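Quick note: the sequence shown, position 11, residue 11 per UniProt numbering, numbers continuous.
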Amino acid sequence: MYKSCGTEYGMGADTSTYGDVYSYGILLLEMLTGKRPSDGMFKNNLNLHQFVKMALPEHVMEIIDHRLLSHEDEVIRESKNHDKLRSIMYETLVSFLKIGVYCSNDSPKERMEMKDVVIEMHKTRDFYLSAEKW
Numbered sequence: 001m002y003k004s005c006g007t008e009y010g011m012g013a014d015t016s017t018y019g020d021v022y023s024y025g026i027l028l029l030e031m032l033t034g035k036r037p038s039d040g041m042f043k044n045n046l047n048l049h050q051f052v053k054m055a056l057p058e059h060v061m062e063i064i065d066h067r068l069l070s071h072e073d074e075v076i077r078e079s080k081n082h083d084k085l086r087s088i089m090y091e092t093l094v095s096f097l098k099i100g101v102y103c104s105n106d107s108p109k110e111r112m113e114m115k116d117v118v119i120e121m122h123k124t125r126d127f128y129l130s131a132e133k134w
């Protein structure tokens with residue numbers, strides 16, 4: 001069974017906030033893609049982190065769980081500024097996925113720190129909410 005913990009766990013390393021950051025990143029990727037790390041598609045050294053990283057940024061809409069977008073798609077279709085709104089939604093998804101990828105790096109030292117995650121999440125939220133004026 002796959003456990004969502006950093007690669008340093010199980011290798012004799014002490015637990016740390018690095019593992020928490022890893023778990024947060026994997027959880028974020030799971031929520032956005034609708035895929036679990038234990039999904040049968042992840043074989044031959046392909047994992048959720050690599051799957052998302054390979055899709056960024058050009059193929060984001062192909063890997064996003066479309067159940068998340070049903071309401072937004074309807075709003076965008078009804079808007080006069082649908083191109084601008086679609087661009088904002090796309091950039092928001094890319095940003096959230098990048099945060100998940102940065103948090104779930106194999107190397108603990110290459111992961112984002114949670115204070116930086118919070119800053120980036122707030123920036124992304126504010127950018128997304130800016131769409132309300134369109």
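Idealized CB from N, CA, C, for every residue including glycine.
Quick caveat, the model's predicted, so the values are computed rather than measured.
(request) Give the C-beta separation of V52 and G19 to the nearest angstrom, bearing in mind that I take them to be a contact with Cβ-Cβ under 8 Å. (result) Not quite, the Cβ-Cβ distance comes to about 19 Å (not below 8 Å), so this is no contact.
(request) Would you kindly work out how many angstroms separate the C-alpha atoms of S107 and I26, rounded to a whole number? (result) 14 Å
(message) Looking only at its chain, what residues have a beta carbon closer than 7 Å to the beta carbon of R36, apart from the 5 residues adjacent to it on each side?
(response) E30
(message) Are the CB atoms of Y24 and V117 within a distance shorter than 8 Å?
(response) yes
(message) So, at 8 Å on beta carbons, what are the nonlocal neighbours of V75 in its own chain, with the 5 sequence-adjacent residues on each side left out?
(response) L85
(request) Go to F127, then tell me how far its alpha helix (DSSP H) extends in each direction, as first and last residue. (result) M114 to L129
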